[in-house]
Each structure stands twice: as C-alpha cells, then as structure tokens.
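Asker:
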C-alpha cells in the first residue's frame, strides 16, 4: 500500500501547493511587499503541507497491522479493503465476501466481511487465499490441489455445497454482489471453515472399502493381470470417482439427524466394491449393509447426488444396493 | 510434547509413501509398527493430481521391450540418468502395474478385456497404462483403501513435520506438529522413509498443488543429507492459463495439436518426427521460442502469453472416455469446451527431477560417500536418478511405486535389525526443535511469509524458467539470498492453537526458499544445456565436462557443491534428436 498511497499524497499535495504559490506571489506583487516576506510565507506553507503529508503517512502505516489482524472474538468485522493494494485490477468487479467463521474458543460463529476485486476467472478458493495472505492471516480453511480432485475444500457458499477450488466466484454472487461462505454441516467443526473428518473416515473404513480376494497371497504377489470387460468396468466406475470431500454427508438429512447412519459416501463405496467383478466379498457386503444404519437408513431424498461435485450419484448406488439385497442375495460371493 | 515409538516412520502419504507402508508391512508379516505421516488428510496428497498414466512394458513381442523402454528413458533424460537404476525401473514397472490392478485400480481396458496402453511423449511405442485422465487419483484411492486393512499401519492425518532428527548419521526420529491442536510430537524410529514429493511451489506458475513445498527435502538437507541435480526442473508444455493447472500430455497422446497464433502446428520446425509427442523439455523450449518470435497469443486477464492446444478434431466420445477431467476443468475454469474451442496453454513448472541424493535402492546419502543410515527417499523427493535432466511423462508413477516397494522392504529389514538410539540425546534434540517453533510463534515483528513467497515465486517465474541466462540467475541468487535472511525473522500473526495454517505456511515458506537457493546455485554452475536446463550462453550439451551429477550439501548458511559420475551401462551418450 505504501508506495501507491505516497504517490497519491504527493499528487494531491501538488494540486494544493501550486495554486497557493501563485496566490502568494500575486498577493506579494499586488501589495508591493518585500521579497523576504514572500519567501517567509512560502517556507511557512511548505512546513504546514509536509507536516500534514507526514502525519497522514504515519497514520496509514500505523493502521496497516490493525487492518491485517481483525480477529476480535465474537465481533462482526468489516474489512473495507480491496485485494490489490488499492488498485482495481483490469476487468475486475467488487465483491462482498462474507465468511461465517467458527471460533473454537467461544464455540460460536463470527461473521467477517471483506470487499475484494476479482476478475471473471477467479474461483472461490482464489479469493479465500487472497483474503488469508493479504488481509487476515488467521483465516483457516483446507485446500490443496486446486483442481477438484483432492477433496479438501468442501464448504457451503450461499447455501450451496461446493468445492471452493472449482467454483467460479462471480457466478455465485447474489443480487447484492455478495457471497456468504460457511463450513459444511453434518461434520463437527474445528475452526473457521475447517471441519473434523474423523467420524467420516471411520464410517468409510467401517465398510471395508478395499478389493477383497480370498487368496491374499495371490493378490499381493500380482503375478498376472485379471480380465475385466469394459462393461464390467463401467458398472462400478462412476462410484469410484468419490474424492471423499464430505459434501454428500453435508447434504444428507438422515446423517444430520441420525449419527449412526453410515451415510451416502460409505454406502456408495459398498456398491462400488460390490459391483467390481474382481471383488470376492459380495455376499458379506450385502449382509453388512442390510440394516437401518446401512442401506435401509436412506430415505432417498436424493440430496447427496445433487451435492456430489464428481457425479458419483450415491443416491442411486444406495437404491441399487437395496435392490441387490432383495434380489441378488446369494448369487454373488 | 508427546513421544511415540514406531519401527518405521514414513513422511508423506502419496503413492511413494503408501506403497512403502504396504510393502514394509507385508515384508514384516504385520509385525513392525509403521507410522504414515501426512500434512494433509492422507488420501489427498498431490499424487491424486497425476493424470496421464504409468509406464511399463506389459506386452512383449508387439514391438516393445524393457530395453526399448530403458533406451527411451535414458535418451529422454539427455543421458544424465543412472542407467543401472533405469534398468531396475523398467524391469519392475510391469509388476507394479499389476499390483495396482489387484488392489482395485480401474485401468482402461481394450475390447478383449485386457489393460490398454496409450502413447506418451518421448516413448517410441504406446506403453502408458491409464485410468482415464485420473490415474494418480485412482492409484491413491486404491492404496489408501488397501492400507486401511493393515492393522500395523497407523495414519497420522494433518501432522506437519518440522525436523528429521539424526543421531551420529543415523535415523533417530521425526518431529511434528498436529495441525488440529498444535500439539508437538516426536516419533522415535530407526527407519525413516521420506516420500514428501517435489518442490515446484518455488514457482508461482506451476501445475502442482498448494502442498508441494518440498518439506521432506528441506528437512533432510538441514539434517545433513545431500541433494542431487536440483537445477533440473521440468516445465510441462501445457499448463492451463491462468492457473497453471495441468492439461495432461495424454491430450497430445490421444491426438491433440499445438498451434501458434497463426494456427500453424509449429512443432514441425522443432521435432519433425515426434511432433507434439517429443519430450517435454523440447516442446517447452519450442513454445517459448515461438512466443519469443511473436507467435504467441496474449491472455487478457493474466497478461501471460500462450499458444493453443487444439482438441477440436478429436472424437467427443474419446474425450469423454479418456480425457474427462481435462474437459471438466476447462469448462469449469475457463468456460471452454475442448470440442468447440482451443485451450490456452504455456510451459509450467511441473516436476523437480532433483531431490534427496540416494543410491540405487533409494537409500539417502550424507555428503560424501557415506549413507544416512536408516533414511530412504522415494518418489519425486528422491533422486535415484532415473529421470536425469528430463523426465518422460508417465515414468514418475512407475518410479514412485518401484522405489516405494524397494525402500519399504529395505526399511523393514533395517528396522528389524537396528539398535535402539540413545533416547536422551534424541529428546534433547526434540526439545530444541520445540523451542524453535515456540520462538517463531512468539515473534511479534518481522517479515511476512506471504510476501516472501510472492517474491520468491516472482523471481523463479521470471529468472529461472525454461531458458536461463547467467546474469538472470545471478539476480535470482541475490534475491533469494535476501529472502533467506528475511526468513530468519518471519512473523506468524495467527497465535492460535487450532488449525493454525499461518504457522504451517511460514514453515513451508522457509523450506521453499532454502531449496530455491540450491536450484539456482546448481544452475549457475552448470555451464551447458542438458534436458530441462537450457542456458542461453551455453546452448550445447558438454559431456566432457558436465556428464555428472551435481551434489549439494548444507554448509553453515551456505551450500557446498561437488559432483559425482553418471552410471553408464549399455547406452553411450549420443546426439538427441526427435
């Protein structure tokens, strides 16, 4: 901020100074005052102006750390800053970013709002990272690959579950050019936008999500490749796209009321391994899912499939699993 | 500080880390206690971003052989690869591909139900096995899921390692910080496997994830372990504008063209026989030469000049089956359907050929000829070296699986026989490390880690890119020297203990600056052009003086540089033509 603001201050100072000099010169000429009086007046004006410039600079520099550190527990903080040091990047729009941050000490949400300029290509994650690095180092969120494949940055924007890295920012704005970002529901929250995945990982692990072979030695030694037709691959392929981002669990109404329900993510993985022709544990997988915490816990609201950013369609996986439990029982494994 | 004891500590949870864990577990028949430490959720490592495929000779007698794979790799490396290591790679790669098939990876299949292969740059024949354009992701998911059933492997999600602790040149333990609570932990272990990936985040314009900050390499370097060939950074020809997201080489393997601003396929001027499937260093230089001639296109938002990747002539069904992620990314990021419009691309930092100096078994080396007992490095963070001065696409996934297995088994053997370390000395070291982190947190004024990283990225992007010049490298060296000093007074504004990513960012930034200095030092000294290291003043390869590896070690605040010979077995260096 310093270099640009200094330039502006000198520009404004010049705009004031030049007319003042002319005015003084005119007065001294008209009033026939001696040359020394003019010089004294000039010196006085110089001192006043530079004093003002200096104090404005100190004021602005003094404020800088304060602006960067707005964490005041439980208070609403409004950041009137833009992203690029006071300059508006070409083609950028002003956006109000509101972040509902969970405070682990008070166990409450604090709402922070920031004004940033972003162009048409910026993603929600780009903006959050800019806010973190430029305006507020204390902001926490998960992120990594920034190409929608690692599953770190699941969150909720304007009420919609998203992956922040593959969601265009400007396309998400409401009429007031605002976006409200908050952590996923359906998981405990650690801090700000960061949720606790422990339960989610436990549920995933509980369905034994690995290719099961009776001959473990043969599986490990992998002497020769298995055969699998394209059709056989395609029957489970869509369910193997799961990146474990947790958004389906955020959307599921049952998970949010019944913590025992294993949930759409794990059930979609049950079906993924059940349909894999290389897997030899079909019967056991159906047995394990055949209860109210498993497949029958699903009330088929379909919200998980709508939320899934990778097109996994857990809702259909669960219904197909139910159908398999009823009809295929005993045919596999 | 919490003290934990394991037989093997694995730093990093990518394909290299998990593969090591699985094979160490099997080798010890489940007896050894193994810790896998990840600064992310373990299944989210950067390996998930690998797109195009994994190389390996699956079908002999159809014109392919292991010796041809080795030759392609060595020629691709501009003869800097150690040929005995390359032979090991090509011999073991097919087995690893079958192993991944056996643990659940949905390899693309041909009509007759067998594993299919696609063409890749610098390979004389299609030998890249793939799962659409999400190969790394599928391999990671299979590894994570398989590991969950191994009772003797504990996964530490979101623990950030800050030091590798050695005792008289032997592995003793790792020191780490739990991100969720900021609790400090010491893992005592006689075997340490480093598998933390590369450090392409020294660049701003890179394909790699935010996590690719070379932490394990920097920790090893500070612990007295030497680094090899750090000046060789691969620039992938097709990084998406403006984010740098990778557009896989498979896009060209499946028939995509590169075009300049006139719409001309300019590769015919640079690699007439291989065209768009020449190795990456050659295509990246061709693109920058075209842009230098004024044949680039200016991207309005970013101000970056680029060329076009043209997939419009490819069958839509082929794109949906084999390149679905690329299509998804260009639509979501740029609103471009690759069947309708061309994709703007430019060379982008992608892979770091250099890394921890290891022998052929992935065993890390101290400065000089001595091993760092009990320390292995696998995957991108290690330099065996099989990629030499330029890696061929799809050789990286084979490399991390092959050496993941080798190092996992070696580390298990070591853990079963090694003596226990002197616990007292180790705990004292750990307390010093804890003090260092506390002091960093307590500092109230100093430099901003994000400003340092921004400046570092700018220096590397502008001065240590595809073409390098001595005076520019000197400027970069000066700038990095200044940033290194600033790192000593870095300030963490977030003083909280729950999920403090500000603290993590500050530590990562110091790691990046440390490694960037080694890259520039090696680059300045190497007065030739070889593979990815292209010096404008020295445009020719100079085998007489420079057919050797650069070995760098930390010496106080400075860097000591020495050289070691390249292992040549069957393939004498020749002129490299495509």
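Chains as they are written, first to last, in my numbering: chain E, 1 to 333; chain U, 1 to 578. Just so you know, even glycine gets a beta-carbon here, dropped at the ideal spot from N, CA and C.
#1: Using only the alpha-carbon positions, how far apart do residue 70 (chain E) and residue 136 (chain E) sit?
#2: If you follow the alpha helix (DSSP H) that residue 331 (chain U) is in, where does it begin and where does it stop?
#3: Short check: CB of residue 239 (chain E) to CB of residue 212 (chain E), under 9 Å?
#4: Check whether the Cβ of residue 259 (chain U) sits closer than 8 Å to any heavy atom of the ligand NAP, and report yes or no.
#5: Assess, as a yes-or-no matter, whether the segment 510-529 of chain U is touched by the segment 451-468 of chain U under the definition of 3 or more beta carbon pairs within less than 8 Å.
#6: Can you list, in chain order, the residues of the segment 183-200 of chain E whose Cβ is nearer than 9 Å to any Cβ on chain U?
#7: Where does the unbroken alpha helix (DSSP H) through residue 398 (chain U) begin, and where does it stop?
#8: Does the Cβ of residue 16 (chain U) have 16 or more other Cβ atoms within 10 Å, making it buried, or fewer, making it exposed?
#9: Helix or strand or just coil, what does DSSP make of residue 119 (chain U)?
#10: Is it buried or exposed for residue 351 (chain U), if we count other Cβ within 10 angstroms and need 16 for buried?
#11: Please go through the same chain and pick out, in chain order, the residues whose beta-carbon is closer than 6 Å to the beta-carbon of residue 247 (chain E), but skip the five residues on each side of it.
#12: Considering only their Cβ atoms, is the gap separating residue 447 (chain U) from residue 490 (chain U) smaller than 9 Å?
#13: If you draw a straight line from the C-alpha of residue 121 (chain U) to the C-alpha of residue 276 (chain U), how long is it?
#14: Using alpha carbons as the reference points, say which of E:176, E:41, E:152, E:304 lies closest to residue 97 (chain E).
#15: Which class does residue 199 (chain E) belong to by DSSP, given the choice of helix, strand or coil?
#16: Does any residue of chain E bring its CB to less than 9 Å from the CB of residue 414 (chain U)?
#17: With DSSP as the reference, label residue 262 (chain U) as helix, strand or coil.
#18: If we cut at 9 Å on Cβ distances, does residue 119 (chain E) have a partner in chain U?
#19: Suppose contacts are defined by Cβ-Cβ distances below 9 Å. Is residue 117 (chain E) in contact with residue 95 (chain E) by that definition?
#20: How many angstroms separate the CA atom of residue 76 (chain E) from the CA atom of residue 157 (chain E)?
#21: Could you pull out every residue in the same chain whose Cβ sits closer than 6 Å to the Cβ of residue 166 (chain E), ignoring the five residues on either side in sequence?
#22: Using the three-state DSSP reduction, which class does residue 310 (chain U) fall into: helix, strand or coil?
#23: Could one say the Cβ of residue 161 (chain U) lies closer than 9 Å to chain E's Cβ atoms, at least one of them?
#24: According to DSSP, simplified to helix, strand and coil, what is residue 489 (chain U)?
#25: Does any C-beta atom of chain E lie closer than 9 Å to the C-beta of residue 44 (chain U)?
#26: So what's residue 54 (chain U) in DSSP terms, helix, strand or just coil?
#27: Based on the DSSP output, what are the partners of residue 235 (chain U) in its beta bridges?
#28: Going along chain E, which residues have a C-beta under 7 Å from residue 498 (chain U)?
#29: Express the C-alpha separation of residue 184 (chain U) and residue 260 (chain E) in angstroms, rounding to a whole number.
#30: Could you give the DSSP three-state label for residue 269 (chain E): helix, strand or coil?
#31: Three or more C-beta pairs closer than 8 Å, one from the segment 81-90 of chain U and one from the segment 35-53 of chain U: is that the case here?
#32: Per DSSP, what kind of secondary structure is residue 518 (chain U) in: helix, strand or coil?
#33: Roughly how many angstroms separate the alpha carbons of residue 486 (chain U) and residue 28 (chain E), rounded to a whole number?
#34: Among residues of its own chain, excluding the 5 on either side of residue 195 (chain E), which ones have a beta-carbon nearer than 6 Å to its beta-carbon?
#35: Does residue 40 (chain U) get closer than 9 Å to chain E when you measure Cβ to Cβ?
#36: Starting from residue 145 (chain U), follow the alpha helix (DSSP H) in both directions and report where the run begins and ends.
Answerer: With the structure as the only source:
#1: In this prediction, residue 70 (chain E) scores a pLDDT of 37, lower than 50, which makes its location untrustworthy; the coordinate-derived value is nonetheless stated afterwards. If you take the alpha carbons of residue 70 (chain E) and residue 136 (chain E), they lie about 7 Å apart.
#2: 324-334
#3: no
#4: Questions concerning the ligand NAP fall outside what the structure shown contains, since it holds no ligand whatsoever.
#5: yes
#6: 190, 191, 192, 194, 196, 197, 198
#7: 395-417
#8: buried
#9: coil
#10: buried
#11: 154, 161, 307
#12: yes
#13: 8 Å
#14: E:176
#15: helix
#16: no
#17: coil
#18: yes
#19: yes
#20: With a pLDDT of 42 at residue 76 (chain E), under the threshold of 50, the predicted position of this residue should be treated as unreliable, though the coordinate-derived value follows. One C-alpha to the other measures close to 19 Å.
#21: 148
#22: strand
#23: no
#24: coil
#25: yes
#26: strand
#27: U:349
#28: 104, 190, 191
#29: 33 Å
#30: helix
#31: no
#32: helix
#33: 54 Å
#34: 183, 184, 187, 189
#35: yes
#36: 135-148
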